[in-house]
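Undergrad: Below you'll find the structure I mean.
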Amino acid sequence: MKKNILLTFLFFYSTLFLAAQSLVVTGPVECFGDVNVAGHTIEHYLNVKNNSNNPIDVQCQKTIISTLPPELPSWGGPSYCFAGYCYGASQTGPSNIAVLNPGQEISYSNGDSDAFTGYYDAEGINGVYDVQYCFYDVNNSIDETCVIITYNITGVLASTDIIRKSSMSFFPNPASDYTMINYTPKKNYIFELVDVLGNKVKVLDLSNSGKENLYVGELSKGIYFGSFIHNDKLISIKKLVVK
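Last residue of the sequence shown: 256 (my numbering), numbering continuous.
Given below as structure tokens:
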């Protein structure tokens with residue numbers, strides 16, 4: 014198993030505000046990371062708010078602007094989660110729908126299951142890459158707000174261990190045989206692991222220990238998404254890379 018050294022990030026925070034649009038998107042738009050060690054992931058968040066007086070069915074559309082390195086593996090590059098589902102690096106179609114009520118904002122910090130989380134798996138390859146995410150009204154597609162995220166993979170910052178506040182995490186990640194699921198102990202937790210096509214590959218009834226050893230050695234290499242469910246409510250989604 015590889016030592017899991019997480020990236021150091023420097024985020025520039027920007028608020029995207031289009032007066033004529035109903036959706037306001039806020040969050041980091043430029044991410045710097047040290048990827049001297051291959052196989053680690055930049056993780057960032059965007060908040061989406063309905064600034065109108067009506068409910069809006071919101072979809073997200075990813076567009077890769079920059080040419081990604083040809084040596085990236087199939088799971089490398091940009092991926093994201095939105096509207097309770099995750100979309101792999103190769104998926105560029107519209108997301109599931111998140112319904113936002115008037116004035117409602119969904120964000121990772123609030124623990125909203127529909128909130129946006131973005132990832133970039135650099136796999137140790139330096140460069141600057143732009144990815145556009147557009148959030149729009151399904152019933153009025155011209156009512157959209159777009160943000161371009163710049164991933165600046167310099168390889169010159171110092172790697173360090175970073176602990177994120179989260180209800181679930183994997184260690185190691187990427188994993189080749191076993192990974193440990195770490196979670197806040199509660200009764201009636203269910204863990205589901207799905208591939209990038211949405212197929213369930215593992216389902217576990219978790220104990221109340223806060224840790225669960227998960228064997229992934231029989232799975233194909235690539236990106237998977239772990240869903241943490243409590244009393245039929247989605248609590249958290251985290252990405253797992255199997256190598």
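Just so you know, even glycine gets a beta-carbon here, dropped at the ideal spot from N, CA and C.
1. Taking the alpha carbon of S122 as the point to measure from, which residue in V207, N60 and K251 has its own alpha carbon closest?
2. Any idea what DSSP makes of G223, helix, strand or coil?
3. Curious, which full-length beta strand (DSSP E) runs of at least 3 residues does the stretch 96-170 contain?
4. Using DSSP's beta-bridge definition, name the partner residues of E56.
5. Give me the DSSP bridge partner(s) of T76.
6. If we count the other Cβ atoms within 10 Å of its Cβ and call it buried at 16 or more, is Y100 buried or exposed?
7. Answer with buried or exposed for Y93, where buried requires no fewer than 16 other C-beta atoms within 10 angstroms of its C-beta.
8. On the DSSP bridge assignment, give the partners of G235 in chain order.
9. Is the beta carbon of F129 less than 9 Å from the beta carbon of Y202?
10. Give a single yes or no on whether Y149 has its beta carbon closer than 8 Å to a heavy atom of the ligand SAH.
11. Go through its chain and collect everything with a Cβ distance to G230's Cβ below 8 Å, but skip five positions before and after it.
12. Does DSSP put E84 in a helix, in a strand, or in coil?
13. May I ask you to report which of helix, strand or coil DSSP gives T197?
14. Measuring straight from C-alpha to C-alpha, what distance separates T158 and S220?
15. Tell me, please, whether the CB atom of V209 is closer than 9 Å to any CB atom in chain B?
16. Exposed or buried, which one is Y228 when buried takes at least 16 other CB atoms within 10 Å?
17. Please identify the residue among V144, T54 and N64 whose C-alpha is closest to the C-alpha of V38.
18. Who are the Cβ neighbours of S120 in its own chain at under 6 Å, not counting the five residues just before and after it?
19. Return the CA-CA distance between E205 and E84, expressed in angstroms with no decimal places.
20. Quick check: D150 and L36, are their CB atoms within less than 9 Å of each other?
21. Which residues mark the beginning and the end of the beta strand (DSSP E) in which S182 is found?
22. Less than 9 Å between the C-beta atoms of V141 and K75, yes or no?
23. For L81, which residues in the same chain have their Cβ closer than 7 Å to its Cβ, ignoring the five residues on either side in sequence?
24. Would you call G211 buried or exposed, if buried means 16 or more other Cβ atoms sit within 10 Å of its Cβ?
25. Can you look up N64 in the DSSP assignment and give me helix, strand or coil?
26. Considering only C-alpha positions, which residue in the set K224, G239, C73 and K234 is nearest to K213?
TA: Concretely, from the data shown:
1. N60
2. coil
3. 98-100, 111-113, 129-134, 140-150 and 153-166
4. Y132
5. Answer is Q145, bridged to T76.
6. Residue burial is scored here from C-beta neighbours: Y100 has at least 16 other C-beta atoms within 10 angstroms and is therefore classed as buried.
7. buried
8. V255
9. no
10. The ligand SAH is not part of this structure, which contains no ligands at all.
11. S189, D190 and Y191
12. coil
13. coil
14. 42 Å
15. The question asks about chain B, but that chain is absent: this structure has only one protein chain.
16. exposed
17. N64
18. N60 and A128
19. Each residue's Cα considered, the two are about 31 Å apart.
20. For the pair D150 and L36, the CB atoms are nearer than the 9 Å cut-off.
21. M181 to F184
22. no
23. G90 and Y142
24. exposed
25. coil
26. G239
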